[in-house]
Amino acid sequence: MMRYAILPALLLAAPVAAHHGWSSYDESKPLTVKGRFSKVNWSNPHGTAEMTWNKQQWTIVLAPTQRMDARGLTQAMIAPGQPVTLTGYARRDGTREMRIERIAAGGKTIELR
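In terms of the working numbering, the sequence shown opens at residue 9 and continues consecutively.
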């Protein structure tokens, strides 16, 4: 009976482990990017945004909404068209996606991790 209980537990744990796979981002090469978001998705498990950088469309991975709220980052500060400066890491596989560690917006610099 115990072996039948283990399989569902493993299946439920797999998405959690995959979700927190930050090793796919190259932390040895920090990037700082200035620009404006074209789209912002304020949702969990992590907020996301879209922006054009170096003439290419990038997906930006933000923090969970509760963390952004707690640290003083508001939706209005990062609304599409507002200037932002991002510090973070690009994906190792070349996908145009960046995980953000720090964001400067609305006159504040906020640590997201």
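Glycine included, every Cβ here is placed at the ideal spot set by N, Cα and C.
The structure presented is a predicted model; accordingly, all values stated were derived computationally and were not measured.
Residue i - containing beta strand (DSSP E), residue span
{"i": "methionine 59", "result": "56–61"}
{"i": "alanine 71", "result": "Looking at the DSSP string, alanine 71 is not in any beta strand (DSSP E), and its letter there is neither H nor E."}
{"i": "arginine 110", "result": "105–113"}
{"i": "glutamate 119", "result": "116–119"}
Classification of residue i by the beta-carbon crowding that lies within 10 angstroms, buried from 16 upward
{"i": "tryptophan 30", "result": "exposed"}
{"i": "alanine 84", "result": "exposed"}
{"i": "alanine 17", "result": "Because alanine 17 sits at a pLDDT of 48, beneath the cut-off of 50, its placement in the model cannot be relied upon, and the following sentence gives the value as read from the coordinates. Exposed, since its Cβ has fewer than 16 Cβ neighbours within 10 Å."}
{"i": "glutamate 119", "result": "exposed"}
{"i": "glycine 96", "result": "buried"}
{"i": "alanine 78", "result": "exposed"}
Run of the alpha helix (DSSP H) containing residue i, from where it starts to where it stops
{"i": "alanine 87", "result": "Where alanine 87 is concerned, there is no enclosing alpha helix (DSSP H), given that its DSSP letter is neither H nor E."}
Supposed close pair residue i, residue j - CB separation, criterion 8 Å
{"i": "tryptophan 50", "j": "methionine 106", "result": "Their Cβ separation, rounded to whole angstroms, is 17 Å, which puts tryptophan 50 and methionine 106 out of contact at 8 Å."}
{"i": "histidine 54", "j": "leucine 39", "result": "At roughly 18 Å, the Cβ-Cβ gap does not stay under 8 Å, so histidine 54 and leucine 39 are not in contact."}
{"i": "arginine 99", "j": "serine 32", "result": "6 Å"}
{"i": "methionine 59", "j": "glycine 43", "result": "5 Å"}
Sheet register partners of residue i (DSSP bridge)
{"i": "asparagine 49", "result": "Thr56"}
{"i": "glycine 43", "result": "Val92"}
{"i": "arginine 99", "result": "Tyr33"}
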